[in-house]
Structures are given as structure tokens and as C-alpha cells.
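Counting with this note's numbering, you get residues 41 to 259 for the letters of the sequence shown.
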Amino acid sequence: MSDDPRADERVRMVECQIAARGIKNPRVLAAMRKIPRHVFIPPPHDRSAYHDNPLPIGSGQTISQPYIVALMTELLDPGPTDRILEIGGGSGYQAAILAVLAKRVITIERIPEVADLARSNLEKLGITNAELIVGDGTLGYPAAAPYGGIIITAATPQIPKHLVDQLEEGGRLVAPVGDRDIQELIRIVKQEGRLMETHHGGVRFVPLIGRYGWEGGNA
Ligand code: SAM
Numbered sequence: 041m042s043d044d045p046r047a048d049e050r051v052r053m054v055e056c057q058i059a060a061r062g063i064k065n066p067r068v069l070a071a072m073r074k075i076p077r078h079v080f081i082p083p084p085h086d087r088s089a090y091h092d093n094p095l096p097i098g099s100g101q102t103i104s105q106p107y108i109v110a111l112m113t114e115l116l117d118p119g120p121t122d123r124i125l126e127i128g129g130g131s132g133y134q135a136a137i138l139a140v141l142a143k144r145v146i147t148i149e150r151i152p153e154v155a156d157l158a159r160s161n162l163e164k165l166g167i168t169n170a171e172l173i174v175g176d177g178t179l180g181y182p183a184a185a186p187y188g189g190i191i192i193t194a195a196t197p198q199i200p201k202h203l204v205d206q207l208e209e210g211g212r213l214v215a216p217v218g219d220r221d222i223q224e225l226i227r228i229v230k231q232e233g234r235l236m237e238t239h240h241g242g243v244r245f246v247p248l249i250g251r252y253g254w255e256g257g258n259a
């Protein structure tokens, strides 16, 4: 992507907003440098693609702040042979980052128009190992389980047990857990049938709407 006119902005984003704030995994930093975030954001907000903010993507939904994408990716720690499940496809940006790092990515988005946007964004970049499913991600996706990693990119009141069941031994799950307004980033690692849970600070996500999430419409 050396002919990308916004490559310099992206390098600065990674240095100043991501590496400077403690993200160390070189594979994650390289993926964040590689994937053009502006491709995932409809105009006019694409102009601000390399600022330190979430941005609107339509249908009342958002693309997450770059630092939070990097932090959640580092916590998920996707390996080159991993199958990863994302819940909350949004623009497809997080899925694109994961597709650089893992073997296969399945991302579930509940709003069909948002899923169309994500699918076309992934196609524009020629990403072929990320698959978009329209549906309620709170149910997971047992057809391709077990997963090396599961990432929930919308605010969930709790981590549904059946999602943990879809993790392989050694698998990681990362999610913002809390109420509709404010959440805490939680990482769970499944080890010998036990769940090791760590907490990674406060975040704000749009709500996860579905059978095991919140009730209601888009907001
Ligand atoms: N990861 C996305 C990206 O890279 O752009 C950002 C995700 S956005 C913060 C949250 C997304 O979760 C929204 O697009 C929303 O429609 C979706 N969502 C909410 N509830 C869902 C559910 N039950 N299943 C799947 N997607 C859901």
C-alpha cells in the first residue's frame, strides 16, 4: 500500500496514539499500519479517519477508536493459525485487522445495511479470509466453533456462557462488559476447563442488541 496517500497519517496514528500508549505487540502494530482505516468510514467523516476517535458509520453505529481496536486486538492475541469470531462487524475494520493476524475471521453484524458496508469495504481491500454473517451474534456461531479467539465489539451486560463454550482450550475472549453507558474491558482465557479473567480499564461502546444482550433498537 505504498501508493496510499494517507500512509503517513497512519504511521503517525500508530506511533502517537497506539505505541505511545503502551501497545507493544509488533504484529498488532504492523496490522494497524497496514490497514487503511479511511476506507472503512463513509464521507465526510473519512477525513478524520486517523484522529483519536470513534466515528459514525451510518445506522446509528460507530467504528471504534483506533487505540481501543489495537488494545482489544493485543488482548485477543490472534495467532496465524487461529479461527476468530467477532461479534459486532460494524464497518469491517476490526475484522480486517484480525484477518491480517489470523487464519480465518467470522464476523457477525445484526444490521443488514451495516453488514453490506463491511462486506464491500473488505472486498475493496481484497481481503478473502474474513466472512460476514448477518444475525444475532449473541448466539455465537457454533457452525465454525471452536475459536482461538472471540471478540465482542459492542457493550454486553454479561458474557453468555455458550460463547465461552465456543472457545477452544487456550482460547481468549475479549469484551466490554457493563451497563449501556459505560463498560469495563474484560479478557477471559480458557485453561484446563477454568476461566482466568483480567480487567483492562473503562470503555464506551454502543449496545449489543440481541437475545443475550440488551433489548431494543439501534441506539
Ligand atoms: N468492530 C466494528 C468496526 O470495526 O467497525 C465496530 C463495532 S460497532 C462499535 C458495534 C456493532 O455491533 C454495530 O455495528 C452494531 O450494529 C453491532 N451489533 C449490536 N448488537 C449485535 C448483535 N447482537 N449481533 C451482531 N452485531 C451486533
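The beta-carbon is built from N, C-alpha and C at its ideal position, and this holds for glycine as well. What you are looking at is a predicted structure, and each value in this text was computed from that prediction instead of being measured.
Checklist entry - If we count the other Cβ atoms within 10 Å of its Cβ and call it buried at 16 or more, is Ala-195 buried or exposed? => result buried
Item to check | Cβ distance (whole Å) where Ile-103 is taken to contact Gly-130 below 8 Å | outcome: The beta carbons of Ile-103 and Gly-130 sit about 6 Å from each other, so the pair counts as a contact at 8 Å.
Checklist entry - Which two residues bound the contiguous beta strand (DSSP E) that contains Tyr-90? => result From DSSP, Tyr-90 is part of no beta strand (DSSP E); its letter is neither H nor E.
Checklist entry - Cβ-heavy atom distance between Ser-160 and ligand 1 below 7 Å? => result no
Item to check | As assigned by DSSP and simplified to three states, the class of Tyr-181 | outcome: Shown here, Tyr-181 sits in coil according to DSSP, grouped into three states, outside any helix or strand.
Checklist entry - Across which residues does DSSP place His-239 in a beta bridge pair? => result Ile-226
Item to check | Ile-81 and Ile-97 closer than 8 Å at C-beta | outcome: Yes, they are a contact pair.
Checklist entry - Taking the alpha carbon of Ile-191 as the point to measure from, which residue in Leu-115, Asp-86, His-85, Ala-70 has its own alpha carbon closest? => result It is Leu-115.
Next on the checklist: Quick check: the Cα distance between Lys-64 and Tyr-107, rounded to an integer number of angstroms?
Outcome noted: 12 Å
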